[in-house]
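Visitor:
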Amino acid sequence: MKRILCLGMLAFSAFTSEAQVFGKVYEVDNIKEIIADDKMVAVIPFSYKITLKKMPKGMTQDDIKLQEEKGSLSAQNSFYTYALRKVDKKEVTVEIQDLARTKVLLSRENIDEKNINNYLPEEICKILGVDALITGDIIASKPMSEGAAVATQLLVGYSKTNQAKATIKVYDNSGKLIWSYGKEVAGGLGSDDNDMIRILMRKTANRFPYFK
């Protein structure tokens, strides 16, 4: 079942030219027909990459890798939490698979945030027993150590600690990308992935396939 990394990355990062336009929603023409019978969807770890022009003092590649893995799970958890609020308000048309169940089912196949991009969306759907996957890509740049960020904030009153290109995507169980939205997000000290997800969904919740 396992695929080489480049195949998985192509599968999870495949966009049409329309989908690559940040700030605009992409959705397939027949999206309503595609999702009409969907009952259960799962939120899986996001692809999270940190790009650096220069390695910060005291940091190593292993440190960056660890932060990417933490970011992958943090973004997953943030969207899941956002979706549960919609569930509580009865504003969701499908069930959202319990995050703990998603993690257990993936772990049984030795899949986690470190290697999930080695698998195709349709493979993950089958493993989880769901009709669709919710995931995304985050490319973060200009990260700053917490100490440096605090110093900057004290000096100028504001610190721009991180910039990110963030995208939320939905794949159906055939592996087809059916919906996506991307936006460049700038964060300050204390901002987190909950803020990023909220910003991404603020203008698009009414067009998200499974939200009323």
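Numbers 0 to 211, taken from numbering that gives the first Met the number 0, label the letters of the sequence shown in order.
Backbone N, C-alpha and C define an ideal beta-carbon position, used for all residues, glycine too.
Values in this document were obtained by computation on a predicted structure and should not be read as measured data.
Just to confirm, are Y47 and I137 a CB contact at a threshold of 9 Å?
Guide: Yes, they are a contact pair.
Visitor: Buried or exposed: which applies to D28, given that a residue is buried once 16 or more other Cβ atoms fall within 10 Å of its Cβ?
Guide: When all chains shown are included, D28 counts as exposed.
Visitor: Give me the residue from Y170, G181, I30 with the minimum Cα distance to M195.
Guide: Closest by alpha carbon: G181.
Visitor: Could you check if S140 is buried or exposed, using at least 16 other CB atoms within 10 Å of its CB as the buried criterion?
Guide: Exposed, because fewer than 16 other Cβ atoms sit within 10 Å of the Cβ of S140.
Visitor: Bridge partners for T134 per DSSP, in chain order?
Guide: Per DSSP, K168.
Visitor: Starting from T101, trace the alpha helix (DSSP H) in both directions and tell me its first and last residue.
Guide: Residues 98–107.
Visitor: What three-state label does DSSP hand F210 in the structure shown?
Guide: Here F210 sits in strand by DSSP.
Visitor: Per DSSP, what kind of secondary structure is Y47 in: helix, strand or coil?
Guide: Strand at Y47.
Visitor: I'd like to know whether the C-beta atoms of E94 and V40 end up nearer to each other than 9 Å.
Guide: Cβ distance < 9 Å, so E94 and V40 count as in contact.
Visitor: Could you please give me the residues that DSSP links to I216 through a beta bridge?
Guide: The requested residue 216 is not part of the displayed model; the chain covers only 0 to 211.
Visitor: Does S173 come out as helix, strand or coil in the three-state DSSP assignment?
Guide: S173: coil per DSSP, three-state reduction.
Visitor: Just the C-alpha distance for F78 and K56, rounded to the nearest angstrom, thanks.
Guide: In a straight line, the C-alpha of F78 is about 32 Å away from that of K56.
Visitor: When the Cα atoms are used, what is the spatial distance from N193 to A74?
Guide: When rounded, the distance between both Cα atoms is 7 Å.
Visitor: Give a yes or no on whether the C-beta atoms belonging to V184 and I198 are separated by under 9 Å.
Guide: Against a cut-off of 9 Å, the Cβ pair of I198 and V184 comes out as a contact.
Visitor: Can you list, in chain order, the residues of its chain with a C-beta nearer than 8 Å to that of L83? Leave out the 5 residues immediately preceding and following it.
Guide: So the qualifying residues of the chain are I95.
Visitor: Taking DSSP as the reference, what is the three-state secondary structure of D192?
Guide: Three-state result, D192: helix.
Visitor: Less than 6 Å between C-beta atoms, sequence neighbours within five positions excluded: which residues of the same chain meet that for A163?
Guide: The answer, listed in chain order, is I137, A139, V184.
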